[in-house]
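Trainee: The sequence shown begins at 131 in the numbering used here and counts up one residue at a time.
Here's a structure for you.
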Amino acid sequence: SGRWVGSVWAPYSCYFVPYDQPLLLQCGAARPLRLSLFGDSVMRGLFFDIADLLTGEKQDRAWAKRHAGPGRGKRLLHSRGGVTVSWAWWTLNESAQHTRDWRAPPPLDVSDWGCVEPNT
């Protein structure tokens, strides 16, 4: 069961909010919003969709295909206002080479840790 919201069907138990740049920046205005994405090219595409919203312009996706991905170790990051989105390559195949729990995403670099809450 659900309802129509404009031209979009919205179930009562779930509702999709189509974010635009002002709404995304508003979410990060009160408290920093950090989105850390891990995965393959599908998650990299989601990273670029969010980065496009943040910056208001299309990002160079071809550069990322050449310089970030399997075996390249690059981490992509965009930040604006209180919103930061990052992406790092990670798949189940990547984790099979390590002895740690394969279900856990890779640990963040120490530089990514927020040790102190802002304005405290």
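C-beta atoms are modelled at their ideal positions from N, C-alpha and C, and glycine is treated no differently.
On a predicted model such as this, the values are computed, not experimentally measured, just so you know.
1. Okay, do the stretch 138-146 and the stretch 172-186 touch, 3+ Cβ pairs below 8 angstroms being the bar?
2. Taking only runs that begin and end inside the stretch 152-233, name each unbroken alpha helix (DSSP H) of 4 or more residues, in chain order.
3. Please determine, among V215, R205, G158, the residue with the shortest C-alpha to C-alpha distance to W193.
4. With distances taken Cα to Cα, identify the nearest neighbour of F178 among V135, L163, F146, A218.
5. When you compare the CB positions of G212 and L163, do they come within less than 8 angstroms of one another, or not?
6. If you follow the beta strand (DSSP E) that P141 is part of, which residue opens it and which one closes it?
7. Between the Cα of T221 and those of E187, F168, A159, spot the shortest distance and give me the residue it belongs to.
Mentor: With the given structure in hand:
1. Not touching, per the Cβ criterion.
2. Look at the stretch 152-233 and you find these whole runs of alpha helix (DSSP H), each 4 residues long or longer: 171-185, 191-197, 222-225.
3. Nearest option by C-alpha distance: R205.
4. Per the Cα distances, A218.
5. At a Cβ-Cβ threshold of 8 angstroms, G212 and L163 count as neighbours.
6. P141 -> beta strand (DSSP E) spans 138-141.
7. Of the listed residues, the one whose Cα sits closest to T221 is F168.
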